[in-house]
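Asker:
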Amino acid sequence: MVSRTDRSPFAEWLWTIDRYILAGIVILMVSGVVLSFAASPPVAERIGLEPYHFIKRQAVFLLPSIVLLLGVSALSPRMVRRVALFVLLGSVLLMIATLFTGAEIKGARRWVHLFGFTIQPSEFVKPALVIVMAFLMSEARKRPEIPGGLFSIMLYVIVVALLVAQPDFGQAMLLTMVLAALFFLNGLSWFAIVPLGVAGIGGMIAGYVYLPHVRGRVERFLNPESGDTYQIDRAIDSFLAGGWFGRGVGEGTVKRILPDSHTDFIFAVVAEEYGILLCLFLVSVFAFVVLRGLSAASKDQDPFGRLATSGLIVLFGLQSCINMAVNLNLMPAKGMTLPFISYGGSSLVALALSMGFVLALTRRRPRPTRISGVTVTRVSASSVV
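Residues in the sequence shown are numbered consecutively from 11, following this note's numbering.
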C-alpha cells in the first residue's frame with residue numbers, strides 16, 4: 011500500500027488520478043483483446059493468414075498502449091499541450107504523405123508505412139486537434155486580442171480537407187461535431203451558432219452530392235431496396251439470433267460472412283455470441299466513462315482543462331455511439347471502429363493517448379488560495395477520486 015504521506019511521483023499520481031475512469035478504460039482495453047478471439051480468426055483465415063494473426067497483433071499493441079496511457083496521465087496540463095502540438099504537426103505531415111505514398115485499401119488512402127508499422131495518422135490527429143483547439147479558445151477568453159476561434163477553424167479546415175481527400179467523410183463529420191461542441195461549451199452566441207449549423211448542413215449536402223460512396227450509403231439507409239444492404243442485414247440478424255444470452259462462444263455465424271466483423275461490426279459479433287446482456291454491459295462502461303469525464307470537466311476551474319476534457323470525452327462518446335448505431339441500423343454506415351473494442355493497432359494506441367490526456371487533465375491538483383492575507387493550498391475539484 012502507498013501511504014498518503016508518501017510524496018514520491020508514483021504516490022502523487024496514484025492519489026490524484028481518477029481511478030474510476032482509469033478502471034473503465036482498462037476494462038474496455040482488456041475486453042477488446044478478449045472479444046477479438048471471437049471476431050478475428052474467421053477473418054484471418056478468409057484472407058490467408060493464420061487464425062490468431064489479428065489477436066496476436068492486438069495483444070502486442072495492448073502493453074505499449076497501457077504504458078502510453080499511464081505515462082501520458084502523469085503529464086501536467088502544460089506538457090499535455092506541448093505533446094498535443096507535436097502530435098498534431100507530425101500527424102498532419104503524415105496525412106499529407108499518405109495521399110502520395112499511402113497504401114490504397116478499398117479506394118481510400120488512410121494508411122502509411124513507418125518504421126515497419128502501418129499507421130493511420132488520422133487516428134492521432136483527432137485528440138491532438140481537440141487539445142490544441144481547446145487551448146486556442148481558452149486563451150482567447152483570457153486575451154481577447156488573440157483570434158483563438160479563427161485559428162481553431164483554420165486548423166479544423168486543414169485537417170478536414172486532408173480527411174476528405176483520403177477520403178474519410180465519417181471522421182470529418184466526427185471532428186465537425188466535436189468542433190461545434192467546443193464552440194458551444196466555450197460560450198458561443200446563438201448568432202454565431204446558427205451560421206455554423208448552416209455551414210455544417212451545407213457540408214453534409216455537399217458530401218451527398220459530390221461523394222458517390224456517401225450518397226450510396228445514405229440512399230441505402232433511407233431506402234434499403236436501392237442498393238446492397240447485406241452487411242447491415244446480417245448485423246441485425248446477429249442481434250436477433252443472439253438474444254439475451256448469446257449463442258455461445260464460437261457459435262456465431264456473422265463473423266464468417268462479414269469482411270469487417272473484427273472492426274466495424276464487432277458489436278454485432280458480440281451480440282450474437284455473448285448476447286445482448288454483454289452488449290448492455292459494454293454500453294454501460296462507455297456511458298460511465300463519458301459521464302464521469304464530463305462531470306470532472308464541469309468541476310474544472312481552468313477553462314483549458316474544462317474545454318479539452320469535454321472535447322476529448324465528446325470525441326470518445328460520439329465515436330462509440332456512431333459505431334453501435336451503425337450496427338443497429340440507426341444511421342448510415344460510417345466505417346468507424348468501436349473504441350478499444352475493434353481491432354486496430356493505430357486506433358488502440360491513439361485512443362490510449364487520447365484517454366491518457368483525459369486522465370492527465372482530470373487529476374486533482376493543488377491551487378493556491380488567499381484567506382485573510384495567508385496563502386493556503388486547496389485541492390482543485392477538477393477530478394474526484
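Just so it is clear, CB atoms sit at the ideal spot from N, CA and C, and this is done for glycine as well.
Relative to the alpha-carbon of R316, which residue among A191, G217 and L172 has its alpha-carbon at the smallest distance?
Answerer: Here residue 316 corresponds to residue number 306 of the sequence shown, with the count starting at 1. Out of A191, G217 and L172, A191 has the C-alpha closest to the C-alpha of R316.
Asker: For the region 258 to 308, list the alpha helix (DSSP H) runs that are entirely contained and at least 4 residues long, ordered along the chain.
Answerer: You should have 264 to 267, 276 to 284 and 286 to 308.
Asker: Give the range of the beta strand (DSSP E) segment to which F127 is assigned.
Answerer: One-based indexing of the sequence shown puts residue 127 at position 117. F127 to I129 is the span of the beta strand (DSSP E), which, as asked, contains F127.
Asker: Taking 8 angstroms as the CB-CB limit, is M105 close to chain C?
Answerer: In the displayed structure, chain C is absent; only one protein chain is listed.
Asker: Compute the beta-carbon to beta-carbon distance between V140 and G321, rounded to the nearest angstrom, for a pair I have assumed lies under 8 angstroms.
Answerer: In the sequence shown, counting from the first residue as 1, residue 140 sits at position 130. In the sequence shown, counting from the first residue as 1, residue 321 sits at position 311. That pair is a contact at about 4 angstroms.
Asker: Which residues bound the beta strand (DSSP E) around W121?
Answerer: As a first step, residue 121 is located in the sequence shown; it is residue number 111 there, counting from the start. Residues A118 to L124.
Asker: Provide the residue span of the beta strand (DSSP E) that contains E229, from first to last.
Answerer: For the purposes of this step, residue 229 is taken as residue 219 along the sequence shown, with counting starting at 1. Careful: E229 lies outside any beta strand (DSSP E), inside the alpha helix (DSSP H) at P222 to L232.
Asker: Is DSSP giving A113 helix, strand or coil here?
Answerer: On the sequence shown, residue 113 is found 103 positions in, with the first residue counted as 1. Strand, per DSSP.
Asker: Below 8 angstroms on the Cβ atoms is my guess for F367 versus P19; work out the distance and round it to an integer in Å.
Answerer: For the purposes of this step, residue 367 is taken as the residue at position 357 of the sequence shown. For the purposes of this step, residue 19 is taken as the residue at position 9 of the sequence shown. Between P19 and F367 the Cβ distance is about 19 angstroms, and since that is not below 8 angstroms, they are no contact.
Asker: Can you tell me whether E282 is buried or exposed, with buried defined as 16 or more other CB within 10 angstroms of its CB?
Answerer: Your numbering for residue 282 matches position 272 in the sequence shown. So E282 counts as buried.
Asker: Tell me the rounded alpha-carbon separation between R236 and A209.
Answerer: Start at 1 with the first residue of the sequence shown, and residue 236 comes out as number 226. Start at 1 with the first residue of the sequence shown, and residue 209 comes out as number 199. Reading off the sequence, residue 236 comes out as Ser, not Arg. One C-alpha to the other measures close to 29 angstroms.
Asker: Considering only residues of the same chain and omitting the five flanking positions on each side of Y353, which have a CB-CB separation below 7 angstroms?
Answerer: Position 343 of the sequence shown, counted from the first residue, corresponds to residue 353. Cβ within range, chain order: S46, S50, F64, Q68, H272 and T273.
Asker: If you draw a straight line from the alpha carbon of L325 to that of A335, how long is it in whole angstroms?
Answerer: Mapped onto the sequence shown, residue 325 falls at position 315. Mapped onto the sequence shown, residue 335 falls at position 325. Taking the straight line from one Cα to the other gives about 15 angstroms.
Asker: Which residue from D28, L160, A84 and R227 puts its Cα closest to that of V300?
Answerer: Numbered from 1 along the sequence shown, position 290 holds the residue referred to as residue 300. Nearest of D28, L160, A84 and R227 to V300, Cα basis: D28.
Asker: List, from N- to C-terminal side, the beta strand (DSSP E) runs of 3 residues or more that fit wholly inside the region 17 to 97.
Answerer: The region 17 to 97 contains no whole beta strand (DSSP E) run of 3 or more residues.
Asker: From R56 to G303, what does the alpha carbon distance come to, in whole angstroms?
Answerer: In the sequence shown, counting from the first residue as 1, residue 56 sits at position 46. In the sequence shown, counting from the first residue as 1, residue 303 sits at position 293. Between R56 and G303, the C-alpha separation is close to 40 angstroms.
Asker: Assuming A370 and S101 make a contact with CB atoms under 8 angstroms, what is their CB distance in whole Å?
Answerer: Translated into positions along the sequence shown, residue 370 becomes position 360. Translated into positions along the sequence shown, residue 101 becomes position 91. Rounded, the Cβ-Cβ distance is 19 angstroms, inconsistent with contact.
Asker: Tell whether a beta-carbon distance below 8 angstroms holds between P177 and L146.
Answerer: Here the question's residue 177 lines up with position 167 in the sequence shown. Here the question's residue 146 lines up with position 136 in the sequence shown. Not a contact, by the Cβ cut-off of 8 angstroms.
Asker: Rounded C-beta distance between G34 and F298? I'm assuming under 8 angstroms.
Answerer: Counted from its first residue, the sequence shown places residue 34 at position 24. Counted from its first residue, the sequence shown places residue 298 at position 288. Right, the Cβ-Cβ distance comes to about 5 angstroms (below 8 angstroms), so this counts as a contact.
Asker: Rounded to whole angstroms, what is the Cα-Cα separation between M425 and L79?
Answerer: Absent from the model: residue 425. The displayed extent of the chain is 11 to 395, so no value can be given.
Asker: DSSP three-state label for T347, please.
Answerer: Here residue 347 is taken as the residue at index 337 of the sequence shown, counted from 1. Reduced to three states, the DSSP call for T347 is coil.
Asker: For F249, count neighbouring Cβ atoms within 10 angstroms of its own Cβ and tell me buried if that reaches 16, exposed if not.
Answerer: As a first step, residue 249 is located in the sequence shown; it is residue number 239 there, counting from the start. Its Cβ being crowded by 16 or more others within 10 Å, F249 is buried.
Asker: Report all residues from its chain with a CB closer than 6 angstroms to the CB of S330; omit the five preceding and five following residues, and keep chain order.
Answerer: On the sequence shown, position 320 is the one that residue 330 refers to. F296 and P349.
Asker: Taking all protein chains shown into account, do 16 or more other C-beta atoms lie within 10 angstroms of the C-beta of E133, making it buried, or fewer, making it exposed?
Answerer: For the purposes of this step, residue 133 is identified with residue 123 of the sequence shown, where counting begins at 1. E133 should be labelled buried.
Asker: Helix, strand or coil: how does DSSP classify M411 here?
Answerer: Residue 411 lies beyond the stretch modelled for the chain, which goes from 11 to 395, so this question has no answer here.
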